[in-house]
Structures are given as structure tokens and as C-alpha cells.
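Undergrad: Take a look at the following structure, please.
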Amino acid sequence: MTGPGRIVTGVLAPHPPHLVYAANPPQNEPRSSRAGAWKGLLEGYEKLRARLTAREFDVVVVHTPHWKTTVGHHFLGIPRCKGLSVDPIFPNLFRFQFDLPVDVELGEAICAEAAAGGLVTKMMRNPDFRLDYGTITSNYLSLGHFETPIVAISSNRVYFDYSNEAGDREMLALGAATRRAIEKLGKRALLLATCSLSHRHFTQEPADPEDPAFEHPYNANQTRWDDHILSLMRNGETRRIVDEMPDFIEGCVSETRDGALTWMIGAMGFPTIPAIVHGYGTVIGTGNAIVEWDLS
Amino acid sequence: MSGSLIGGYVLPNKPHPLLAPEQNAGWAELREAMEECGREIARSDADLLLIFSTRWTSIIGHQFQADPEPDWWEVDDDFHEYGTLRYKLRMDAPFAERWCAAARARGLHTRTVAYRGFPIDVGTVAALKLLNPDNRIPAGVVSCNMYSDRAETIVLGKATRDAVEQSGRKAIAVAVTSFSNRMFTEWIDPADDRIHSPKDDEWNRKFLELLGEGRLEDVSQLAREFTRQANGDSKMKALWWLAATMGQHNDYAGSVRAYAPIWGTGAAVVGLVPAPGRAGNLEYDEDDTDHYRGEREVLAQQPS
Ligand SMILES: [Fe+2]
């Protein structure tokens, strides 16, 4: 670890297991047909990886919608996560052997900062805990390897239990705590907010899930919302994104309701630099964008 | 020979009665009631347990567990400190295929799943471990589609009944669900657990009163109102499914075996046995759907 701790890069890194499936890595058991759906997103992730390879990170901090907690914000507190992850939603696509080092020290530091800021928190110490597929998928797609230690933060259900506004307030506080801990420990961090934008899925799947003829947005409303949010990202209007977040969530059942994007914007301190949109496309009808904030 | 549904149960969907009964008298009562239901099932001539669990959510239609011997473990997202749920269960794989086909015949998008390491949800594991500890009776489990509403769930229940009747089996249907589903969002001393609010408690008790009178279809018809008033678990889809599976009427002998909070939510153990002629004066307001016609590509409310 060299230099002062800081967030080097923040990435909106969606986690459809479809993208890992289409890439056919040796860790994933199912084999794809390579029929060609999701090409734009796969190319977007390629562009992202090429840029991230040139930077040095001590840690990847992921906020994931697929570790859902109602009682506070939870942090991975075991030194290594290893095992088989079978996606309960798309088990036909994702049965993945994973093995990742965990930065428990930073997880504990964020947990302590968040608790000091008044949030309910918990360290997760059960060695049998299975890492969620959102964390695995976004980490793999963003870096192409699992060598950098991770911190995984659960998605607290505050948006669902209280309101979108309450959720945003809480995620901004969690983001600020994340930033303080990273700076205190002197870590160079890559943040991953792993979520889709519009998030209404089709509830049916074609015989070949990778059939490009099937893949399209759920409806035009979803695309309009995604276009709008992406234009705000390109224009550096992160404050406005958070202002409009409750409407965005209601308007297109966005997966940002799980808090990841607001958390990351809060951690990055509402950056006004233009974000780089590496790719946008739909997966089973949901809108997904790969977006980078280069703070280096 | 035509098969039949010989009974039904409603059971909690959280792991506390299984993993930590010593921490709260209510959790222990729920566990004891579930074990008693298990003994009752053992005394019956049931040869199949069919579960709908709100903890197994799906997006692509409905999934049916078809691994004959799932042997894995699960750790609760919130309550990981309470330990690991290790399981070795017995599923009826041929019945899962039949069930899946019956649902497809009614227009539902379906598939069976049988993968090593597939995470069986904590609600199903807790239910099967306490109801059927020695795996004497094979089970079937279907997922809860997060976008489905009443019509689709009723169709799934009818398909469940179709499959049982075609199979000649004597089945018991089990809805694994919370009632009011507002959890405390802070760490509490388990000994201090209580229903989150008096209003949730009152609605739970009203629902349980109806179930105690065997009025399952009335409960199904009231599910939307219950969800609005008491933050019902997953729109109370499990009760829609149970009511449709058991034949859409009120003629049951019902008994509420336990009712207690689990981390603020309403948890109950309820038994239902068909008892013709028991209740009358039905008032059916909701539509009764026989087939699912597929995707509409419009947005409604947030999924649950
Ligand atoms: Fe997701």
C-alpha cells in the first residue's frame, strides 16, 4: 500500500449472471451458446477492464443487492470466501466456483465508522456464509480476476421498509463512512455499485437464453428513464441523480432501490466530472449500464 | 385412482424456531407446534408434502425443485450468527416433473431445477426439518415468483391440485410464510421480541381467527386488504396458493397451533383439514382465473 488512501475509481457495474455465462470462464459450469445477446454490455466491460488494468487498487469495495439485510448494514468479516455459487434465480446460467480474499480490516473499519455515524451494523463472521452472486459477478466482470481483496457490504432494506427518501439518506451516510474508513486506512479503493438501472424483468425465457432475437427492453418507459439517468451521469450531475432517485425508483422499478448507486455517489462525494458510459444494454428486459467515474 | 389434498398447514418462514428456540419462549412454542404437526402428518396416510415458500423467489416463471436429495447448507442473510442450516432432504423428482407439466398446461412458464449446490431457502429447510425430520415423506417445493399477482398464483394452486389428482397421491400442502412482515430494523434482545405494532397484531389475530374457523377462501379473498394494512408477506401469495391448491372453499376444520412474533413479524402455525359442510355464506369478490396468458409488458407496483 502506497500513498494516501482514496477512492481511485467508482464503477456502476451491473451483475446479470448472463454476462458471466456468455463469457464462458472456466469457473462457470454452464456453457453458453455464443448466440450473441448482450454484446454491447460484454464489450463495455472489456473497455472498462482495459482501463482498470492500468490502475493500482488495494481493495475492491462492493455494495450488493443480493445480500439483503433488514437489521442494519452487514460487512463480510471472514478472511476468504470460497465455494460454489448457484444462482437461485438463473441456476441454468450461473454455477460458479469462487475463491476471493477479503479485506476484513477495511470491512471492520467501515463498519465502525458507520456505527459511529449512527447506522445499525453487523460484521458477518459465519465461515459457511455463501458470498452472493452480485459480488462475484461484478468483481469478475470489472477486473477479470479475483486477486484484489474485497469488502462486501449488504443491501439494507431501508428503502423497502421505510421510504426511498429514507433509503437515500441512509446510503449517503454509509457512503460517507466508507470514504472515511478508506482514507483512514490509506487504501486505494475501487468501488463497485452493482445494480441495474430500470429493473423490470421478463418472466419468461427463450429456449436459448442468449438468443439475441429475444432480448429487448421491457417497455419504452424503461428506456426513457435509463437514457435520462445516463445523460445526467455523462453531464456530471450526480447531485441531481440523487435528488431524482426516489422518482427514478418508482418510475421504473429500478434496482437502485437496493441502495448501491446512492451509496457510491455518497462515497465519491457527489463528483461533477463527466462519467464514462462504457456500455448499455438490456438483460432479460432490464436496463444495464457500465459507467466509470475516474477519480484518479 | 384420483389423488387428493388431505390437509394443509401454514408455517413460519424464518429460521429462529429451528436455530434458536432457547432464546425466546414464542420461538420455542412455534417449534413445538411445528414438531406436533410433523407427528400428526406421520400418523396420517400422507405420502407427499408440497411446499410454497415466500423465501424462494423466482423471476423466470415458477421453478420446481427436482433434485432427489439436496445435500447442502444455507446461512441466513441477517441471522448468520444463529448458525448454519445444514440439510439433506428428500424431494420427489418424478412428481416435480408432473407438477411442472401441470403448471405449463395452465399457461405458466415453468422449469424444474436439479443442481448440486442449489440453495434451498431457509423457510423450506426449517419447515421440512421440523415437519419431516427423518425424510419419511418425499417433498416438492415451488418458488414464489416476485412479479406474480393473485391471478397467476391462483392458477399455480389449481395446477398443484391437478398434479396431485393425476398422480393418485395423498398430499399435504404447506404454505411457508409470515403474516405481518414488518421486522425490527435494529438488534433487539430476543427475549423482548414482540409484534411490531398493535395494528399488525390485530390484523394477524383477525386472519388467524378466520383460519381457526377453517375459512381459508375468505382469507384468500381478504389477502390484498391484509397486505395493505399489515404489510403482508409477499402479498400473502402463499395463502392464495394454499387456498387454490386446497380447492377454494371454506369447508375446513382449522386450528391455530401457535402464534408468536419472530423479530417483529407475525409467525403462526395453522392446520387445516377438509371438513365438508362446516362453513357457509361464502362471499366471493375476486375473479377466479383458470389460465395464465403471459407477459403484459406494462409496469404495475414494485415486485414482492
Ligand atoms: Fe440483481
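If you're matching them up, the sequences are chains A and B in order.
Following the working numbering, the numbering of the first sequence begins with 7 at its first residue and continues without gaps.
Following the working numbering, the numbering of the second sequence begins with 836 at its first residue and continues without gaps.
Beta carbons are placed, not taken as given, at the ideal position from N, Cα and C, and that holds for glycine.
Since we're looking at a predicted model, the values are computed, not measured.
Taking Cβ to Cβ, would you say B/G952 is nearer than 8 Å to B/R1128?
TA: It is not a contact, given that the beta carbons lie outside the stated cut-off.
Undergrad: Looking at the strands, I want to know which residues DSSP matches up with B/E909.
TA: Per DSSP, B/L920.
Undergrad: Given a threshold of 16 other Cβ atoms within 10 Å of its Cβ, counted over all protein chains shown, does B/N1066 qualify as buried or as exposed?
TA: Answer is buried; the Cβ neighbour count reaches 16.
Undergrad: Taking only runs of the beta strand (DSSP E) that begin and end inside the stretch 113 to 172 of chain A, which ones reach a length of at least 3 residues, in chain order?
TA: With a minimum length of 3 residues, the continuous beta strand (DSSP E) runs that stay inside the stretch 113 to 172 of chain A are 127 to 130, 156 to 162.
Undergrad: Spatial neighbours of A/E176 within its chain, please: CB distance less than 6 Å, with the 5 preceding and 5 following residues excluded, ordered by chain position.
TA: Excluding sequence neighbours, A/E176 sits near V164.
Undergrad: When you compare each of A/E119, A/N30, A/N34 to A/L48 by their alpha carbons, which one comes out closest?
TA: Checking every option, the nearest Cα to that of A/L48 belongs to A/N30.
Undergrad: Which whole-angstrom value is the C-beta distance of A/S91 and A/L137, which I expect to be below 8 Å?
TA: Contact flag correct, Cβ pair sits at about 7 Å.
Undergrad: Chain B beta carbons: is any one of them nearer than 8 Å to that of A/E261?
TA: A/E261 does not count as touching chain B.
Undergrad: Going by DSSP, what residue range makes up the alpha helix (DSSP H) through B/T1080?
TA: B/T1080 -> alpha helix (DSSP H) spans 1072 to 1080.
Undergrad: Given the structure, does A/G140 come close to ligand 3, in the sense that its CB is under 7 Å from one of the ligand's heavy atoms?
TA: Ligand 3 is absent from the structure shown, which contains only ligand 1.
Undergrad: Among the residues of its own chain, which have a CB less than 6 Å from the CB of A/G150, if the five just before and after it don't count?
TA: For A/G150, where only same-chain residues beyond five positions count, the Cβ hits under 6 Å are R55.
Undergrad: Check whether the Cβ atoms of A/L178 and A/T268 lie closer than 8 Å to each other.
TA: Yes.
Undergrad: Expressed to the nearest angstrom, what Euclidean distance is found between the alpha-carbon atoms of B/H1126 and B/I894?
TA: Going from the Cα of B/H1126 to the Cα of B/I894 covers about 19 Å.
Undergrad: Using 8 Å as the Cβ pair cut-off and three pairs as the minimum, do the stretch 260 to 275 of chain A and the stretch 211 to 222 of chain A touch?
TA: Result no; under three Cβ-Cβ pairs closer than 8 Å.
Undergrad: How is the beta strand (DSSP E) around A/F104 delimited, first residue to last?
TA: Taken as a continuous stretch (DSSP letters only), the beta strand (DSSP E) holding A/F104 covers 101 to 107.
Undergrad: Under a Cβ-count criterion, where at least 16 other Cβ atoms within 10 Å of its own Cβ denotes burial, should A/T8 be classed as buried or exposed?
TA: Only weak support is given to the placement of A/T8: the predicted model assigns it a pLDDT of 48, under 50, and the value that follows is read from those uncertain coordinates. With fewer than 16 other Cβ atoms within 10 Å, it is exposed.
Undergrad: If I'm right that A/L301 touches A/G16 with Cβ under 8 Å, what's the distance once you round it to whole angstroms?
TA: Rounded, the Cβ-Cβ distance is 7 Å, consistent with contact.
Undergrad: If distances are taken between C-alpha atoms only, which option among B/D913, B/T995, B/L920, B/A949 comes closest to B/A937?
TA: Closest by alpha carbon: B/T995.
Undergrad: Below 8 Å CB to CB, which residues in the same chain sit around A/E189 once its five sequence neighbours on both sides are set aside?
TA: P10, G11, R12.
Undergrad: Ordered along the chain, which non-local residues of its own chain (more than five positions away) have a Cβ less than 7 Å from that of A/R61?
TA: Contacts found: V14, T15, S302.
Undergrad: If I follow the unbroken alpha helix (DSSP H) through A/S237, where does it start and stop?
TA: Looking at the DSSP string, the run of the alpha helix (DSSP H) that includes A/S237 is 226 to 240.
Undergrad: Using a C-beta to C-beta distance shorter than 8 Å, which residues of chain B count as neighbours of A/L90?
TA: Going along chain B in sequence order, the residues near A/L90 (Cβ under 8 Å) are R951, G952.
Undergrad: I'd like to know if the stretch 1040 to 1060 of chain B and the stretch 869 to 877 of chain B are in contact, where contact means that at least 3 CB-CB pairs between them fall below 8 Å.
TA: Judged by Cβ distances under 8 Å, the stretch 1040 to 1060 of chain B makes no contact with the stretch 869 to 877 of chain B, as fewer than three pairs qualify.
Undergrad: Taking CB distances under 8 Å as the criterion, tell me whether B/N980 reaches chain A.
TA: With 8 Å as the cut-off, B/N980 counts as an interface residue toward chain A.
Undergrad: Along the beta strand (DSSP E) that carries A/P71, what are the first and last residues, could you check?
TA: 65 to 75 is the extent of the beta strand (DSSP E) around A/P71.
Undergrad: In the DSSP assignment, find the alpha helix (DSSP H) that holds A/C258 and state where it starts and stops.
TA: Run containing A/C258: 244 to 258, per the alpha helix (DSSP H) assignment.
Undergrad: Tell me which residues share the same chain as B/F1061 and place their Cβ nearer than 7 Å to its Cβ, disregarding the 5 neighbours each side in the sequence.
TA: So the qualifying residues of the chain are W1038, F1042, G1067, M1071.
Undergrad: Between A/S38 and the rest of its own chain, which residues show a CB-CB distance below 6 Å, the 5 nearest in sequence each way excluded?
TA: Excluding residues within five positions, the ones whose Cβ falls inside 6 Å are Y27, A28, N30, E216.
Undergrad: In chain B, what lies closer than 7 Å to A/F135 by C-beta?
TA: V910, H915, listed in chain order.
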